[in-house]
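One structure is given below, encoded as structure tokens.
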Amino acid sequence: MDATAESLAAQGWHQRKLPGFAGLIGPLWVRKEAEAWAYGLLATSDHLNPAGVVHGGLLTALLDHGLSAIAWQAMDRRACVTVQLDTHFLAAAEAGQFLEVRGNVMRATSSLVFMRGELSVAGNVVATGAAVCKLVGAATSRTPADNVATS
Numbered sequence: 009m010d011a012t013a014e015s016l017a018a019q020g021w022h023q024r025k026l027p028g029f030a031g032l033i034g035p036l037w038v039r040k041e042a043e044a045w046a047y048g049l050l051a052t053s054d055h056l057n058p059a060g061v062v063h064g065g066l067l068t069a070l071l072d073h074g075l076s077a078i079a080w081q082a083m084d085r086r087a088c089v090t091v092q093l094d095t096h097f098l099a100a101a102e103a104g105q106f107l108e109v110r111g112n113v114m115r116a117t118s119s120l121v122f123m124r125g126e127l128s129v130a131g132n133v134v135a136t137g138a139a140v141c142k143l144v145g146a147a148t149s150r151t152p153a154d155n156v157a158t159s
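Numbering (our numbering), first residue to last: 9 to 159.
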């Protein structure tokens with residue numbers, strides 16, 4: 009069954025409006041789960057490749073955004089940039105499916121955060137990723153719930 013904005017909201021997901029590239033691929037969704045945040049995207053026909061499945065570049069971009077945001081939150085909201093991202097595609101995703109990213113910090117130093125995560129659809133892993141993020145900024149007071157769409 010295809011996901012809808014209404015069904016996602018009923019499950020506790022909140023739509024985010026973001027500037028720049030992340031705003032172009034979205035809208036993105038966010039949900040607080042226990043001690044971490046999950047990030048998602050409702051795949052549309054705009055996200056498909058010529059083979060008719062969600063483009064691997066979109067899956068990689070969503071993993072990158074989600075893992076970076078999880079690192080940002082875990083490191084007291086210090087801005088970070090991805091310096092390495094390894095992605096492994098395990099299955100295809102289709103238009104109408106809701107893509108979810110969850111991850112965790114494997115190790116952190118004073119300047120680097122080592123991340124691991126999964127991108128899934130309805131509990132089935134579509135891609136995995138391992139990232140190294142470089143901390144580049146001071147802590148901020150913003151949370152992932154900031155910029156939640158009010159429409």
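We put the CB at the ideal spot given by N, CA and C, even for glycine.
According to the Cβ coordinates, are residue i and residue j closer than 7 Å?
i: V38; j: L71; result: no
i: L49; j: A11; result: no
i: S128; j: V121; result: no
i: H96; j: T136; result: yes
i: A44; j: T90; result: no
Is residue i helix, strand or coil by DSSP?
i: E186; result: Past the boundaries of the shown model lies residue 186; the chain is included only from 9 to 159, so the question cannot be answered.
i: Q81; result: helix
i: A13; result: helix
i: A103; result: coil
i: A157; result: Unreliable placement is indicated for A157, whose pLDDT of 43 sits below 50; no coordinate value is reported for it.
i: H22; result: strand
i: G137; result: strand
Exposed or buried, what is residue i when buried is set at 16 or more other beta-carbons lying within 10 Å of its beta-carbon?
i: H55; result: buried
i: S76; result: buried
i: V62; result: buried
i: G111; result: buried
Check each candidate in the options and name the one with the smallest Cα separation from residue i.
i: S52; options: V91, A46, G60; result: Sequence check: residue 52 is Thr here, not Ser. Residue G60 is the option with its Cα nearest to T52.
i: G20; options: I33, A42, L93, L32; result: A42
i: A17; options: L36, G28, L32; result: L36
i: A101; options: M123, G111, G131; result: G131
i: A79; options: A30, L66, A46; result: A46
i: A30; options: N57, G65, E14; result: G65
i: I33; options: G74, A44, S15; result: G74
i: E126; options: P58, L98, E14; result: L98
i: A103; options: N57, G28, K40, S15; result: N57
Taking only heavy atoms of the ligand FAD into account, decide whether any of them is closer than 6 Å to the Cβ of residue i.
i: L26; result: With respect to the ligand FAD, the structure offers nothing, as it holds no ligand at all.
Could you tell me whether the segment 84-91 touches the segment 135-145, using the rule of 3 or more Cβ pairs below 8 Å?
yes
Can you find at least 3 beta carbon pairs, one from the segment 110-122 and one from the segment 21-31, that sit closer than 8 Å?
no
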